[in-house]
Amino acid sequence: MHRFIRPFVFLVGILAFFSSCVPLKDSIYLQGDMAVKLEDIEGQYKTEKEDYLVKPHDLLYIRVTSLDERSSAFLNNDAGFNQIANNPMSASLLGYRVGLDGSIDYPFLGKIYVAGLTLPEIARKVELAASKYIDQSGAIVKLLNDNITIMGEVRGPGRFLLNSEEISILEALALAGDVTDYANRRRVRLIRKDGDTPKMLIIDTTDERIMYSPFYYVKPGDVIYVEPHRLKQWSLSTIPLGFSMSLVSASLLIFSIFSTN
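Start counting the sequence shown at 4; every next residue gets the next number (the working numbering).
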(Lines of atoms letter the chains of each structure in order from A; the text may use other names.)
(Lines give C-alpha, C1' and ligand atoms only; values in the text may rest on other atoms or scores of the structure.)
Protein backbone atom coordinates (compact mmCIF):
# COMPACT_ATOMS: atom_id res chain seq x y z
CA MET A 4 0.00 0.00 0.00
CA HIS A 5 2.91 2.31 0.73
CA ARG A 6 3.82 2.42 -2.94
CA PHE A 7 0.56 4.25 -3.63
CA ILE A 8 1.11 6.92 -0.97
CA ARG A 9 3.65 8.96 -2.95
CA PRO A 10 1.50 9.20 -6.14
CA PHE A 11 -1.48 10.02 -3.92
CA VAL A 12 0.34 12.86 -2.16
CA PHE A 13 1.60 14.19 -5.50
CA LEU A 14 -1.94 14.15 -6.93
CA VAL A 15 -3.37 16.00 -3.93
CA GLY A 16 -0.59 18.59 -4.21
CA ILE A 17 -1.37 19.19 -7.88
CA LEU A 18 -5.08 19.60 -7.14
CA ALA A 19 -4.37 21.98 -4.27
CA PHE A 20 -2.02 24.08 -6.41
CA PHE A 21 -4.49 24.61 -9.22
CA SER A 22 -7.34 25.19 -6.80
CA SER A 23 -5.39 27.96 -5.02
CA CYS A 24 -4.54 30.05 -8.06
CA VAL A 25 -6.57 32.61 -9.94
CA PRO A 26 -5.62 33.31 -13.59
CA LEU A 27 -4.23 36.78 -14.19
CA LYS A 28 -6.94 37.64 -16.72
CA ASP A 29 -9.58 37.08 -14.04
CA SER A 30 -7.85 39.36 -11.51
CA ILE A 31 -7.04 42.58 -13.38
CA TYR A 32 -9.30 45.57 -13.90
CA LEU A 33 -9.28 47.71 -17.06
CA GLN A 34 -7.77 45.19 -19.47
CA GLY A 35 -6.98 46.30 -23.00
CA ASP A 36 -4.43 48.26 -25.01
CA MET A 37 -5.18 51.76 -23.74
CA ALA A 38 -2.54 51.80 -21.00
CA VAL A 39 0.91 53.10 -21.95
CA LYS A 40 4.12 52.29 -20.10
CA LEU A 41 5.79 55.36 -18.70
CA GLU A 42 9.18 54.37 -20.12
CA ASP A 43 7.65 54.23 -23.61
CA ILE A 44 6.66 57.92 -23.53
CA GLU A 45 9.39 60.16 -24.89
CA GLY A 46 10.62 62.84 -22.52
CA GLN A 47 8.63 61.72 -19.49
CA TYR A 48 11.67 61.53 -17.22
CA LYS A 49 12.21 65.18 -16.39
CA THR A 50 12.69 67.13 -13.20
CA GLU A 51 10.01 69.83 -13.41
CA LYS A 52 6.77 69.28 -11.53
CA GLU A 53 3.47 70.11 -13.21
CA ASP A 54 1.10 72.42 -11.34
CA TYR A 55 -2.51 71.40 -10.95
CA LEU A 56 -4.84 73.25 -13.31
CA VAL A 57 -8.40 73.73 -12.15
CA LYS A 58 -11.05 72.13 -14.36
CA PRO A 59 -14.86 72.02 -14.53
CA HIS A 60 -16.56 70.25 -11.60
CA ASP A 61 -13.72 71.14 -9.22
CA LEU A 62 -14.79 72.49 -5.83
CA LEU A 63 -12.94 75.53 -4.51
CA TYR A 64 -12.56 77.12 -1.10
CA ILE A 65 -12.17 80.89 -1.52
CA ARG A 66 -11.69 83.50 1.17
CA VAL A 67 -11.11 87.21 0.60
CA THR A 68 -8.82 88.88 3.12
CA SER A 69 -8.04 92.49 4.03
CA LEU A 70 -6.34 94.54 6.73
CA ASP A 71 -9.75 95.15 8.26
CA GLU A 72 -11.60 91.84 8.31
CA ARG A 73 -14.92 93.63 8.83
CA SER A 74 -14.61 95.31 5.44
CA SER A 75 -14.28 91.96 3.64
CA ALA A 76 -16.79 90.02 5.78
CA PHE A 77 -19.59 90.48 3.23
CA LEU A 78 -17.51 88.56 0.66
CA ASN A 79 -16.98 85.54 2.91
CA ASN A 80 -19.20 82.87 4.39
CA ASP A 81 -17.36 82.48 7.69
CA ALA A 82 -20.11 80.49 9.37
CA GLY A 83 -20.40 78.19 6.39
CA PHE A 84 -16.72 77.38 6.22
CA ASN A 85 -16.63 76.71 9.94
CA GLN A 86 -19.14 73.97 9.16
CA ILE A 87 -16.70 72.48 6.63
CA ALA A 88 -14.10 72.14 9.39
CA ASN A 89 -16.60 70.27 11.57
CA ASN A 90 -18.25 68.29 8.78
CA PRO A 91 -16.34 67.73 5.50
CA MET A 92 -19.59 66.62 3.85
CA SER A 93 -20.72 70.28 3.95
CA ALA A 94 -18.01 71.19 1.44
CA SER A 95 -20.14 70.25 -1.57
CA LEU A 96 -22.81 72.75 -0.45
CA LEU A 97 -20.58 75.60 0.70
CA GLY A 98 -17.69 75.53 -1.76
CA TYR A 99 -17.62 77.16 -5.20
CA ARG A 100 -18.20 74.61 -7.95
CA VAL A 101 -16.51 75.27 -11.29
CA GLY A 102 -19.15 75.17 -14.04
CA LEU A 103 -18.93 73.55 -17.44
CA ASP A 104 -18.03 76.94 -18.91
CA GLY A 105 -15.02 77.09 -16.58
CA SER A 106 -16.34 79.80 -14.28
CA ILE A 107 -17.62 80.28 -10.74
CA ASP A 108 -20.34 82.67 -9.60
CA TYR A 109 -19.01 84.61 -6.65
CA PRO A 110 -21.44 86.80 -4.67
CA PHE A 111 -20.91 90.53 -5.37
CA LEU A 112 -17.90 89.78 -7.60
CA GLY A 113 -19.88 88.10 -10.37
CA LYS A 114 -18.66 85.43 -12.76
CA ILE A 115 -14.95 84.62 -12.57
CA TYR A 116 -13.35 82.27 -15.13
CA VAL A 117 -10.95 79.90 -13.43
CA ALA A 118 -10.63 76.73 -15.58
CA GLY A 119 -7.11 76.09 -16.79
CA LEU A 120 -5.58 78.25 -14.05
CA THR A 121 -3.49 77.31 -11.03
CA LEU A 122 -4.72 78.10 -7.53
CA PRO A 123 -2.34 81.10 -7.13
CA GLU A 124 -3.55 82.49 -10.46
CA ILE A 125 -7.17 82.19 -9.32
CA ALA A 126 -6.31 83.93 -6.05
CA ARG A 127 -4.90 86.88 -7.99
CA LYS A 128 -8.08 87.10 -10.12
CA VAL A 129 -10.29 87.08 -7.02
CA GLU A 130 -8.05 89.65 -5.37
CA LEU A 131 -8.34 91.91 -8.40
CA ALA A 132 -12.13 91.57 -8.48
CA ALA A 133 -12.40 92.30 -4.75
CA SER A 134 -10.23 95.42 -5.06
CA LYS A 135 -13.28 97.20 -6.51
CA TYR A 136 -14.86 97.10 -3.05
CA ILE A 137 -12.01 97.03 -0.52
CA ASP A 138 -8.47 98.33 -0.34
CA GLN A 139 -5.42 96.11 0.12
CA SER A 140 -7.37 92.95 -0.47
CA GLY A 141 -6.02 89.43 -0.77
CA ALA A 142 -7.43 85.98 -1.44
CA ILE A 143 -6.90 82.40 -0.30
CA VAL A 144 -7.88 79.62 -2.71
CA LYS A 145 -7.73 75.90 -1.95
CA LEU A 146 -9.08 72.78 -3.60
CA LEU A 147 -11.79 70.97 -1.64
CA ASN A 148 -12.00 67.86 -3.82
CA ASP A 149 -8.34 66.97 -3.36
CA ASN A 150 -8.71 63.21 -2.96
CA ILE A 151 -7.36 60.15 -4.73
CA THR A 152 -8.56 56.54 -5.04
CA ILE A 153 -6.23 53.59 -4.43
CA MET A 154 -7.31 50.03 -5.21
CA GLY A 155 -6.01 46.64 -6.23
CA GLU A 156 -3.25 44.80 -4.36
CA VAL A 157 -2.95 47.20 -1.41
CA ARG A 158 -3.66 46.44 2.24
CA GLY A 159 -6.23 49.20 2.73
CA PRO A 160 -7.89 50.29 -0.53
CA GLY A 161 -10.13 53.32 -0.49
CA ARG A 162 -10.48 57.03 -1.16
CA PHE A 163 -7.95 59.27 0.55
CA LEU A 164 -7.76 63.00 1.20
CA LEU A 165 -4.48 64.59 0.18
CA ASN A 166 -2.96 66.25 3.23
CA SER A 167 -0.15 67.93 1.32
CA GLU A 168 0.32 69.67 -2.01
CA GLU A 169 3.09 67.20 -2.90
CA ILE A 170 2.23 63.53 -2.44
CA SER A 171 4.29 61.06 -4.47
CA ILE A 172 2.89 57.83 -5.82
CA LEU A 173 4.97 55.93 -3.24
CA GLU A 174 3.55 58.04 -0.41
CA ALA A 175 0.07 57.45 -1.83
CA LEU A 176 0.58 53.68 -1.66
CA ALA A 177 1.70 54.13 1.95
CA LEU A 178 -1.64 55.82 2.69
CA ALA A 179 -3.29 52.56 1.64
CA GLY A 180 -1.08 50.51 3.95
CA ASP A 181 1.48 49.66 1.23
CA VAL A 182 1.11 46.92 -1.37
CA THR A 183 0.40 43.28 -0.53
CA ASP A 184 2.69 40.31 -1.07
CA TYR A 185 0.80 39.57 -4.29
CA ALA A 186 1.31 43.03 -5.80
CA ASN A 187 3.15 43.52 -9.08
CA ARG A 188 5.29 46.56 -8.26
CA ARG A 189 6.32 46.84 -11.89
CA ARG A 190 2.74 47.38 -13.07
CA VAL A 191 1.04 50.11 -11.08
CA ARG A 192 -1.61 51.89 -13.13
CA LEU A 193 -2.15 55.62 -12.79
CA ILE A 194 -5.44 56.85 -14.24
CA ARG A 195 -5.66 60.61 -14.65
CA LYS A 196 -8.35 62.62 -16.36
CA ASP A 197 -6.90 65.22 -18.69
CA GLY A 198 -9.83 67.38 -19.78
CA ASP A 199 -12.53 65.03 -21.04
CA THR A 200 -10.05 62.29 -21.94
CA PRO A 201 -8.72 59.83 -19.32
CA LYS A 202 -5.04 58.95 -19.49
CA MET A 203 -3.78 55.62 -18.16
CA LEU A 204 -0.12 54.87 -17.52
CA ILE A 205 1.65 51.76 -16.30
CA ILE A 206 4.40 52.74 -13.87
CA ASP A 207 7.27 50.56 -12.66
CA THR A 208 7.64 51.63 -9.02
CA THR A 209 10.92 49.69 -8.77
CA ASP A 210 12.50 52.08 -11.30
CA GLU A 211 14.21 54.96 -9.51
CA ARG A 212 13.77 57.18 -12.57
CA ILE A 213 10.11 57.74 -11.72
CA MET A 214 11.32 60.34 -9.18
CA TYR A 215 12.17 62.54 -12.18
CA SER A 216 8.79 62.13 -13.84
CA PRO A 217 5.85 64.57 -13.63
CA PHE A 218 3.75 61.51 -12.89
CA TYR A 219 5.71 60.85 -9.69
CA TYR A 220 3.40 63.24 -7.83
CA VAL A 221 -0.29 62.41 -7.77
CA LYS A 222 -3.01 64.94 -8.52
CA PRO A 223 -6.55 65.33 -7.16
CA GLY A 224 -8.88 62.84 -8.80
CA ASP A 225 -6.14 60.33 -9.68
CA VAL A 226 -6.93 56.62 -9.47
CA ILE A 227 -4.08 54.25 -8.59
CA TYR A 228 -4.58 50.56 -9.33
CA VAL A 229 -1.94 47.99 -8.32
CA GLU A 230 -2.01 44.88 -10.50
CA PRO A 231 -1.54 41.37 -9.04
CA HIS A 232 1.20 38.95 -10.04
CA ARG A 233 0.61 36.49 -12.87
CA LEU A 234 -0.69 33.89 -10.43
CA LYS A 235 -2.33 35.20 -7.28
CA GLN A 236 -2.44 32.46 -4.69
CA TRP A 237 -5.20 32.12 -2.18
CA SER A 238 -4.35 31.73 1.46
CA LEU A 239 -5.91 28.76 3.22
CA SER A 240 -8.36 31.08 4.96
CA THR A 241 -9.80 32.26 1.64
CA ILE A 242 -10.35 28.87 0.00
CA PRO A 243 -14.13 28.24 -0.07
CA LEU A 244 -15.16 25.73 2.60
CA GLY A 245 -17.37 23.76 0.21
CA PHE A 246 -14.57 23.38 -2.30
CA SER A 247 -12.14 22.31 0.44
CA MET A 248 -14.50 19.59 1.64
CA SER A 249 -14.99 18.37 -1.93
CA LEU A 250 -11.24 18.17 -2.42
CA VAL A 251 -10.78 16.21 0.80
CA SER A 252 -13.61 13.80 -0.12
CA ALA A 253 -12.18 13.21 -3.59
CA SER A 254 -8.73 12.61 -2.13
CA LEU A 255 -10.04 10.05 0.37
CA LEU A 256 -11.95 8.26 -2.39
CA ILE A 257 -8.85 8.03 -4.57
CA PHE A 258 -6.80 6.80 -1.63
CA SER A 259 -9.35 4.10 -0.75
CA ILE A 260 -9.40 2.84 -4.35
CA PHE A 261 -5.62 2.51 -4.48
CA SER A 262 -5.33 0.99 -1.00
CA THR A 263 -7.82 -1.82 -1.70
CA ASN A 264 -5.97 -2.99 -4.80
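Beta carbons are placed, not taken as given, at the ideal position from N, Cα and C, and that holds for glycine.
Exercise. So what does DSSP say about Ala142, is it helix, strand or coil?
Worked result: In the displayed model, Ala142 falls within a strand according to three-state DSSP.
Exercise. What residue does the alpha helix (DSSP H) around Glu72 start on, and which one ends it?
Worked result: Glu72 to Ser75
Problem set entry | Counted within 10 angstroms of its Cβ, other Cβ atoms place Ile44 as buried (16 or more) or exposed | exposed
For this session: For Lys40, name the three-state secondary structure that DSSP assigns.
Result: strand
Exercise. Mapping DSSP to helix, strand and coil, what is Leu122?
Worked result: helix
Exercise. Ala38 to Glu156, Cα distance in whole Å?
Worked result: 18 Å
For this session: Sort out for me which residues DSSP pairs Ile213 with in a bridge.
Result: Bridge partners of Ile213: none, in fact.
Problem set entry | Chain-order list of residues whose beta-carbon lies under 7 Å from that of Val182 (same chain, five-residue window excluded) | Counting only Cβ-Cβ distances below 7 Å, and skipping sequence neighbours, we find Glu156, Val157, Leu176, Arg188 and Val229.
Problem set entry | Where Lys222 falls: helix, strand or coil (DSSP) | Coil.
For this session: Give the DSSP bridge partners of Asp108, in chain order.
Result: In DSSP, Asp108 forms a bridge with Lys114.
Exercise. Span of the beta strand (DSSP E) holding Leu164?
Worked result: Gly161 to Leu164
Problem set entry | Which listed residue (Val117, Ile143, Asp54 and Tyr136) has its alpha carbon closest to that of Tyr64 | The option with the nearest alpha carbon to Tyr64 is Ile143.
Exercise. What residue does the alpha helix (DSSP H) around Leu204 start on, and which one ends it?
Worked result: Unbroken run through Leu204 is the beta strand (DSSP E), Thr200 to Ile206; no alpha helix (DSSP H).
For this session: Leaving aside the five residues before and after Leu56 along the sequence, list all residues of the same chain whose C-beta is less than 6 Å from its C-beta, in chain order.
Result: Gly119
Problem set entry | Val191 in three-state terms, based on DSSP | strand
Problem set entry | Where Leu70 falls, given that 16 or more other Cβ within 10 Å makes a residue buried | By the neighbour-count definition (other C-beta atoms within 10 Å, threshold 16), Leu70 is an exposed residue.
Problem set entry | Delimiting residues of the beta strand (DSSP E) encompassing Ser63 | Position check: residue 63 holds Leu in this sequence, whereas Ser was assumed. Unbroken beta strand (DSSP E) run through Leu63: Leu62 to Thr68.
For this session: Count the other C-beta atoms from every protein chain shown that fall within 10 angstroms of the C-beta of Asp61, then say buried if there are 16 or more, exposed otherwise.
Result: Buried, since its Cβ has 16 or more Cβ neighbours within 10 Å.
For this session: Find the nearest neighbour of Tyr109 within the set Pro123, Asn80 and Leu122, judged by alpha-carbon distance.
Result: Asn80
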